[in-house]
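Residue numbers (my numbering): 373 to 690. Even glycine gets a Cβ: it sits at the ideal position worked out from N, Cα and C. Owing to the predicted nature of the structure, the values given are computational and were not obtained by experimental measurement.
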Amino acid sequence: MQLLAKETKINFIGLRKGAAIMSVLLIALGIYSLATKGLNYGIDFSGGTKVELVYEVDVPIQEVRAELEKGGYGDAVVQYFGSNKDVLIRIPLSEKNSDVDSSTRLVEYLNSTNLGAAELRSVEFVGPTFGKELFEKGILALVYSLIGVMIYVAFRFEWKFSLGSVTALIHDVVITLGVFSVIGLEFSLPVLAALLAVIGYSLNDTIVVFDRIRENFRKLREIETKEIMNISINQTLPRTILTSLTTLLVLVALYFYGGDALNGFAATLIIGVLIGTYSSIFVASPTVLALGAKPEDLIQEVVEKEGVDVDDPEMHLP
């Protein structure tokens, strides 16, 4: 805490060119992977069957996978979703598994193996049309959230700050999706929800920095814009680091101890928090600077009114 309490004097704006090169490389790699490899869609989007089974005793997950391969379900995804007795099986759409009865056939097959009898807890079947509709609605949710952010920031600050915040958010989303594509992590509905949460987290970080920039624009009018931004980012740095670290501690614990069902959600947020913290420092403010923002942008013209002291500096403020 003492180290973070000390005021830093890091030239973040001076590092903006190197940061921009790194961001461009990460985005290019992500877009290339998305274009050539694509995302590993879960059954929420690609369609398929999800079955939750409960056994009377612990069942080794490797044995479940082996039995499924023998029965022609080699493409099934098997994981625990609670204890070692609770097994979650995802089967993508195929000629063999393209109807709602595929789950019944699967359970009957597993019960005929040496694994023992299993109780069917729940079944979810997602058709190809419904999966496509879910994906389209998810993308629309992302687009609408970005539009909403742009309007909010433009209203609260100024259009240059609005573009800066949206640029940082698009940067975060594209890189996060790129990481998922490169690594091959499953892209499911919880992951999409986590992406929307990443937008909110990253925006919060960016707004904190923008608020301090606005305050310093009013107080330090004689200083260059670059220096004002550097001062503002350094002043908010302790808060940014502490918030990110405490959030990451929770997410890492969730990733390792929350079970396989929450791994994708937690992984998305971990990547998003890291990228979002970086973008709030090295992307949002440099973008605003590149758009030509200056203290005068946030200072209203003086309007003379009877009985008002026009020399009052407060009357220059919005």
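With a threshold of 7 Å on Cβ separation, who are the neighbours of residue i within its own chain once the five nearest residues in sequence on each side are excluded?
i: A639; result: L557 and Y627
i: T548; result: L567, V570, T640, I643, G644 and I647
i: L376; result: Below a pLDDT of 50, predicted positions are generally treated as unreliable, and L376, at 45, falls in that range; the measurement from the model is reported next regardless. Excluding residues within five positions, the ones whose Cβ falls inside 7 Å are P610, I613 and L614.
i: L575; result: V521, S537 and L541
i: D416; result: V498, G503, L506, S560 and L561
i: N588; result: I600, I603 and S604
i: T380; result: N606 and L609
i: T619; result: V645
i: G631; result: Y452, F453 and G454
With residue i as the anchor, note down where its beta strand (DSSP E) starts and where it stops.
i: D458; result: D458 to P464
Residues bridged to residue i by DSSP?
i: L492; result: L425
i: V735; result: A query on residue 735 cannot be resolved here, the shown segment of the chain reaching from 373 to 690 and no further.
i: F559; result: Y413
Using the Cβ count rule (16 or more neighbours within 10 Å means buried), how would you classify residue i?
i: V660; result: buried
i: T608; result: buried
i: L465; result: buried
i: I523; result: exposed
i: S657; result: buried
i: V431; result: buried
i: L617; result: exposed
i: K509; result: exposed
i: L621; result: exposed
i: A489; result: exposed
i: V545; result: buried
i: K532; result: buried
i: S484; result: exposed
i: V563; result: buried
i: S494; result: exposed
i: I329; result: With the chain represented from 373 up to 690, any question about residue 329 goes unanswered, as that position is not in the structure.
i: G414; result: buried
Ordered along the chain, which non-local residues of its own chain (more than five positions away) have a Cβ less than 8 Å from that of residue i?
i: Y629; result: none
i: A565; result: F637
i: G550; result: L398, I399, L401, G402, I403, S405 and L406
i: V436; result: V450, V459, I461, L482 and L487
i: L623; result: A638, L641, I642 and V645
For the alpha helix (DSSP H) that residue i lies in, which residues bound it at each end?
i: L621; result: T597 to Y629
i: E594; result: Looking at the DSSP string, E594 is not in any alpha helix (DSSP H), and its letter there is neither H nor E.
i: D632; result: Per DSSP, D632 belongs to no alpha helix (DSSP H) and is neither H nor E.
i: D416; result: I415 to S418
i: F552; result: W531 to I555
Using a Cβ-Cβ cut-off of 6 Å (strictly less than) and excluding sequence neighbours within five positions of residue i, which residues of its own chain qualify?
i: K331; result: Any question about residue 331 goes unanswered here, given that the chain covers just 373 to 690.
i: L440; result: A448
i: V554; result: S405
i: A526; result: S534
i: T539; result: T659
What do you reckon, is the C-beta of residue i under 7 Å from a heavy atom of the ligand ZN?
i: L646; result: Questions concerning the ligand ZN fall outside what the structure shown contains, since it holds no ligand whatsoever.
Worksheet item: Does the pairing of the region 573-585 with the region 645-662 give three or more beta-carbon distances under 8 Å?
Response: yes
Worksheet item: Can you find at least 3 beta carbon pairs, one from the region 378-389 and one from the region 595-604, that sit closer than 8 Å?
Response: yes
Worksheet item: Counting Cβ pairs closer than 8 Å, one from the region 409-422 and one from the region 479-488, do we hit at least three?
Response: no
Worksheet item: Touching or not, the region 443-462 and the region 505-516, by the rule of three or more beta carbon pairs under 8 Å?
Response: no
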